[in-house]
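Read the structure below first, then the notes.
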Amino acid sequence: MSLADRIRRFVLENTIEPARSQGRPMVTLVAGEIHSALGLENRMPAVCGAMDAEKFLALARVRLVNRRGPHQGSTATWVFALE
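Residues in the sequence shown are numbered consecutively from 159, following our numbering.
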């Protein structure tokens with residue numbers, strides 16, 4: 159499994175699915191928090207790339223509502239609607 163796939167799977171299992179189970183309509187994700195939770199070092203571009211990919215939207219069945227912050231920085235933030 160590639161690092162990008164590992165990142166996407168981690169976010170799906172640890173954020174998206176629990177939020178869906180709780181009936182939440184949206185989730186907000188921050189690149190630095192994902193990076194830290196996975197214990198990564200110097201892999202912020204990989205986190206941002208994985209989260210920006212259409213592949214994540216399809217895997218998680220979410221819709222991007224807002225993307226703000228730097229292209230590949232720790233404060234990059236995504237707001238997804240759970241569908």
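Cβ atoms here follow ideal geometry from the backbone N, Cα and C, with glycine treated the same way.
query, result
"Quick check: Leu217 and Leu170, are their CB atoms within less than 8 Å of each other?", "yes"
"Following the continuous alpha helix (DSSP H) through Ala234, name the residue where it begins and the one where it ends.", "Counting along the chain, Ala234 falls outside any alpha helix (DSSP H), and DSSP gives it neither H nor E."
"Measuring CA to CA, which of Met209, Val220, Leu240 is closest to His229?", "Met209"
"When the Cα atoms are used, what is the spatial distance from Gly227 to Asn172?", "22 Å"
"Given this structure, state the Cα-to-Cα distance separating Thr186 from Ser160, to the nearest angstrom.", "24 Å"
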